[in-house]
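First comes the structure, then the notes that go with it.
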Amino acid sequence: MRGLYIFAHCHPDNAIRRAAALGIRCIEHASMITPETARFLAEKGTYVVPTLAVVKAFNTDGPKFGLPEASMKKLAGFYEAMLDGLRYMKAAGVKMGFGTDLLAQHQDRQCSEFAIRAQVLPAYDILISATSVAAEILMEQGRLGVIAPGAHADILLVDGNPLDDVTILGHDGATLPVIMKAGVFHKRTI
């Protein structure tokens with residue numbers, strides 16, 4: 013009614029399906045999605061932002077950062093299920109955005125999502141998830157996710173071709189000699 017959008021954080025398949033049925037615009041995580049629910053989301057036009065990097069980080073570092081054994085047991089199998097979920101969503105035609113959900117001590121893993129998704133998805137899909145699909149999710153088409161007159165001017169210059177190897181974006185800026193945000197250079201080494 014207000015012309016706004018709603019995101020829902022959902023892990024179980026029944027929660028994902030219910031949120032989509034209720035008109036949620038975007039599902040965060042969708043950890044345990046099934047092929048049937050992926051098809052339902054595609055039909056409804058519901059977006060998903062999978063967040064595999066955070067699950068991988070907690071599987072690796074959970075005990076080190078004080079995650080209790082009960083939480084570690086809950087995480088068992090999540091990562092593999094989420095990789096399967098990427099396959100299901102790709103096959104169904106679900107539009108996926110790009111996100112990590114990483115916080116605090118895991119900030120250094122922000123770029124790991126590129127390599128994780130590359131295990132399942134083509135580079136093109138990963139790139140548009142971080143650009144034009146992300147702009148669609150936020151209803152900012154034409155301003156974000158594109159290089160065009162009147163756009164926001166968030167631009168990266170990449171040393172290499174991410175269509176050949178999207179993991180080059182996962183080197184914490186080492187392969188980005190130019191970073192521009194809102195038309196202002198934040199990094200310019202050439």
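Count the sequence shown with the working numbering and you get residues 13 to 202, in order.
Don't be surprised by glycine CBs; every beta carbon is placed ideally from N, CA and C.
Inset, instruction - Count the other CB atoms, across all protein chains shown, that sit within 10 Å of the CB of residue 92; report buried if there are 16 or more and exposed otherwise. - result: Along the sequence shown, one-based indexing puts residue 92 at 80. So residue 92 counts as exposed.
Legend entry - Reduced DSSP secondary structure (H/G/I, E/B, other) of residue 99: Looking up residue 99 in the sequence shown gives position 87. The answer is helix: DSSP assigns residue 99 an H, G or I state.
Legend entry - Pick from 44, 59 and 20 that is closest to residue 144, judged by C-alpha positions: Residue mapping note: residue 144 aligns to position 132 of the sequence shown, counting from 1. The candidate whose alpha carbon is nearest that of residue 144 is 59.
Legend entry - DSSP state of residue 37 mapped onto helix, strand, coil: By one-based count along the sequence shown, residue 37 stands at place 25. Looking at residue 37 - three-state DSSP - the assignment turns out to be coil, as it is neither helix nor strand.
Legend entry - DSSP three-state assignment for residue 202, whether helix, strand or coil: For the purposes of this step, residue 202 is identified with residue 190 of the sequence shown, where counting begins at 1. Here residue 202 sits in coil by DSSP.
Inset, instruction - Starting from residue 126, trace the alpha helix (DSSP H) both ways and give me its first and last residue. - result: Locating residue 126 in the sequence shown gives position 114, where the first residue counts as 1. Counting along the chain, the alpha helix (DSSP H) containing residue 126 begins and ends at 124 to 130.
Inset, instruction - Starting from the C-beta of residue 54, find all residues in its chain whose C-beta is less than 6 Å away, skip the five residues before and the five after it, and write them out in chain order. - result: In the sequence shown, counting from the first residue as 1, residue 54 sits at position 42. Here the set comprises 104, 105 and 106.
Inset, instruction - Could you check what DSSP says for residue 3 in three-state terms: helix, strand or coil? - result: Any question about residue 3 goes unanswered here, given that the chain covers just 13 to 202.
Inset, instruction - Kindly indicate which residue of 71, 76, 146 and 98 has the alpha-carbon position closest to the one of residue 85. - result: Counting from one through the sequence shown, the residue named residue 85 turns up at place 73. For the residues 71, 76, 146 and 98, the minimum Cα distance to residue 85 belongs to 71.
Inset, instruction - Rounded to whole angstroms, what's the CA-CA distance from residue 173 to residue 188? Just pull it up for me. - result: Residue 173 sits at position 161 when you count from the first residue of the sequence shown. Residue 188 sits at position 176 when you count from the first residue of the sequence shown. Whole-angstrom Cα-Cα distance: 11 Å.
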